[in-house]
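Residue numbers (the numbering used here), protein chains in the order written: chain H, 1 to 209; chain S, 1001 to 1226; chain F, 2001 to 2244. Structure first, then comments.
What follows is the structure, given as structure tokens:
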């Protein structure tokens, strides 16, 4: 499958949470080397939309397609090609930075410890590699989570509020990482409640009440 | 350079064991609970070994059941709380394989530990040494079956408030056949009869549960993750 | 044929059908139960072993049968809801659960009352009653699980899965409890032998069984209507139905 085919299509997705019609017919298209910024006030279902795209949440109506095939048909294969960063950094506090990466990236692809350390160095947390996650600051954990996304070498990045807890330098890192990902041909869905500027063309999807 | 299912299971198993051994206090808790519950019976009834021996199979099994269930809700809860469960679910590996690896790891550090401790408890209850092989075998099969049942319960109750009470409520009725056959096997061994029938049933239950429970537990987890 | 199946998934259709069936089911249930009770309690001959005490079988046996039938219904409806994602199937499953639990309690109470003249005690760990008790625990498990979820859709799916796991276990539990009881024969006196049934005793029993099934159907329809209204309360057809 060439990179041309690796596009994401979200088609008329409806999701109800109890009585609330959270997602009301959301549709969009994401080509390789594209960045989509999902924005909207709190409670409009940005995180829900992201979880639908990951395949964890099945919408009541509508479909998500990757490379032309509905993701329900081969969910594990689709999920192998994405990297998801949730609102929490998702790290085991008893494991060191390196171990955390090893046990998650290691399920997606065979990555040597050297590669993992390189990824951590890129996001500026090389020193945290051998420290248990419990002693790291919120900003360091966020960078460690981003190192994980980087190390997975996934075609599709799904990021939920990735700039949380990052200082100015960290935010610059983040923008640069996104830019480089797009340059390599990857696509990314970024949920952020603030403005986004990574120096590359950016589309926006606004979710309303 | 993708990762095969067996390699993935191996990795998850190692992760679980690594995490368990970093918290040795949590490893010991079910074992101590096992001892404490067993101690309650002589205190509540009578220290007469001849009387205890009659009740021993039942007491041993009830204590083992409760001690296993105690740690069961930790199977998915830790990962659900810090968000790593989603990472596992999105790893591109089959969720069933991950559930199997996690449950086996959990059994190794709880059920198997209970089995190893059982001779100690058995002596305290007056069970003769001749009954030990049967007791150990039946407890091994029983705790494994219980781990599978517990995995279903854990998958269903992750993230619920007071989920662990509900978990016990759900799993204990399903575990009653286990208790019947397991206690009976030990009882026969004590008396000197052949425990074969009961052990075979126990093994059959174990095989049945081992093949079907992973499916149910995986489905339960998917429901929870939605 | 499939259009019928898909219409079953439509809440207004389900509501209308359930409402239409209810009076008929209640009527036929009343007739069957009336016949069964009168014939069974007044006209059927006394059992030569148990005397008049056996007559409680006319309530106990159908109640026990129905407790299992209701659980199976709950599990099958749940399975349909899970596999085909049909919300009305989950509504049916939710409606059936408390009815089944009530039948189980009825079976336990009548069984216990039967026990007094039979064994001299209200409870003696008879295998069939013990299995009924475990079934009651299974019901409570399913109902508690459904209630514990804040999102009703997830609660439905979790409860459906548990019901399916339970239904697979019910034969195992029955078998184990029978086996367990046979080992300890000395402890309790005879089990509930259904007395050898002569035809004159059998007809009222079958009538009661039919009556209970019809009654189950009627109460299920009534509860199903309530469930549908509750679940679809945001829909416009519900507001119109309430006004009517």
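Even for Gly, the Cβ is constructed at its ideal location relative to N, Cα and C.
Tell me residue i's beta-bridge partners as DSSP assigns them.
i, result
"residue 17 of chain H", "H/20"
"residue 38 of chain H", "H/191, H/205"
"residue 132 of chain H", "H/96"
"residue 237 of chain H", "Absent from the structure is residue 237 of chain H, since the part of chain H shown begins at 1 and ends at 209."
"residue 157 of chain H", "H/83, H/188"
"residue 2047 of chain F", "F/2051"
"residue 26 of chain H", "H/13"
"residue 61 of chain H", "H/14"
Would you mind sorting residue i into buried or exposed? The rule is 16 or more other CB atoms within 10 Å of its CB.
i, result
"residue 1073 of chain S", "buried"
"residue 135 of chain H", "exposed"
"residue 2186 of chain F", "Residue placement at residue 2186 of chain F is flagged as unreliable, the pLDDT there being 48, under the threshold of 50; the coordinate-derived value follows with that caveat. Exposed."
"residue 75 of chain H", "buried"
"residue 1181 of chain S", "buried"
"residue 1191 of chain S", "exposed"
"residue 2189 of chain F", "Unreliable positioning characterises residue 2189 of chain F in this predicted model, as indicated by a pLDDT of 44, which lies under 50. The coordinate reading is nonetheless provided below. Per the 10 Å Cβ criterion, exposed."
"residue 1130 of chain S", "exposed"
"residue 152 of chain H", "buried"
"residue 2116 of chain F", "exposed"
"residue 2015 of chain F", "buried"
"residue 1 of chain H", "Legend: pLDDT at residue 1 of chain H = 46, less than 50; position of this residue unreliable, value from coordinates given subsequently. Exposed, since its Cβ has fewer than 16 Cβ neighbours within 10 Å."
"residue 195 of chain H", "exposed"
"residue 2125 of chain F", "exposed"
"residue 1077 of chain S", "buried"
"residue 1120 of chain S", "exposed"
"residue 2121 of chain F", "exposed"
"residue 2198 of chain F", "exposed"
"residue 114 of chain H", "exposed"
"residue 12 of chain H", "exposed"
"residue 1048 of chain S", "exposed"
"residue 6 of chain H", "buried"
"residue 130 of chain H", "exposed"
"residue 171 of chain H", "exposed"
"residue 1200 of chain S", "exposed"
"residue 108 of chain H", "buried"
Since I believe residue j is in contact with residue i (beta carbons under 8 Å), could you give me their beta-carbon distance rounded to a whole number of angstroms?
i, j, result
"residue 105 of chain H", "residue 64 of chain H", "Their Cβ separation, rounded to whole angstroms, is 24 Å, which puts residue 105 of chain H and residue 64 of chain H out of contact at 8 Å."
"residue 1135 of chain S", "residue 1110 of chain S", "In fact, because the Cβ distance is near 18 Å, the residues do not count as touching under 8 Å."
"residue 1204 of chain S", "residue 1125 of chain S", "27 Å between Cβ atoms; not a contact."
"residue 2221 of chain F", "residue 2022 of chain F", "5 Å"
"residue 1194 of chain S", "residue 1146 of chain S", "The Cβ separation is near 25 Å, so there is no contact."
"residue 175 of chain H", "residue 160 of chain H", "That pair is no contact at about 16 Å."
"residue 2080 of chain F", "residue 2089 of chain F", "4 Å"
"residue 82 of chain H", "residue 154 of chain H", "5 Å"
"residue 132 of chain H", "residue 93 of chain H", "7 Å"
"residue 1043 of chain S", "residue 1114 of chain S", "Rounded, the Cβ-Cβ distance is 21 Å, inconsistent with contact."
Is it true that the CB of residue j sits closer than 9 Å to the CB of residue i?
i, j, result
"residue 2210 of chain F", "residue 2036 of chain F", "yes"
"residue 2066 of chain F", "residue 2216 of chain F", "yes"
"residue 2074 of chain F", "residue 2093 of chain F", "yes"
"residue 1002 of chain S", "residue 1092 of chain S", "yes"
"residue 1035 of chain S", "residue 1186 of chain S", "no"
"residue 2110 of chain F", "residue 2135 of chain F", "no"
"residue 1139 of chain S", "residue 1064 of chain S", "yes"
"residue 24 of chain H", "residue 54 of chain H", "no"
"residue 150 of chain H", "residue 177 of chain H", "yes"
"residue 2214 of chain F", "residue 2025 of chain F", "yes"
"residue 1230 of chain S", "residue 1224 of chain S", "As shown, chain S starts at 1001 and ends at 1226. That puts residue 1230 of chain S outside it, with no answer to give."
"residue 1217 of chain S", "residue 1094 of chain S", "no"
"residue 120 of chain H", "residue 95 of chain H", "no"
"residue 147 of chain H", "residue 116 of chain H", "yes"
"residue 2011 of chain F", "residue 2146 of chain F", "no"
Answer yes or no: the CB of residue i versus the heavy atoms of the ligand HEM, is any distance below 8 Å?
i, result
"residue 57 of chain H", "Ligands are entirely absent from the displayed structure, and the ligand HEM is therefore not among its contents."
Would you be able to state if there are at least three C-beta pairs under 8 Å between the stretch 2044-2059 of chain F and the stretch 2218-2236 of chain F?
no
Does the stretch 1101-1115 of chain S come close enough to the stretch 1010-1026 of chain S to have 3 or more Cβ pairs within less than 8 Å?
yes
Would the stretch 196-205 of chain H count as touching the stretch 32-42 of chain H if we require 3 or more Cβ pairs under 8 Å?
They touch, by the three-pair rule.
Is the number of C-beta pairs between the stretch 109-126 of chain H and the stretch 42-52 of chain H that are closer than 8 Å three or more?
no
Is the stretch 2127-2147 of chain F touching the stretch 1166-1177 of chain S, taking contact as three or more C-beta pairs under 8 Å?
Using a C-beta cut-off of 8 Å, the stretch 2127-2147 of chain F makes contact with the stretch 1166-1177 of chain S, since at least three inter-stretch Cβ pairs fall below that distance.
Any chance the stretch 182-193 of chain H sits against the stretch 66-74 of chain H, with 3 or more Cβ pairs inside 8 Å?
no
Validate contact between the stretch 1040-1054 of chain S and the stretch 1081-1090 of chain S using beta carbons, cut 8 Å, 3 pairs:
no
Quick one, which residues of the stretch 1090-1114 of chain S are near chain A if we go by CB-CB under 7 Å, in chain order?
Note that chain A does not occur in the displayed structure, where the protein chains are H, S and F.
Would you call the stretch 1147-1156 of chain S and the stretch 1196-1213 of chain S in contact, with 3 or more CB pairs under 8 Å?
Segments in contact, yes.
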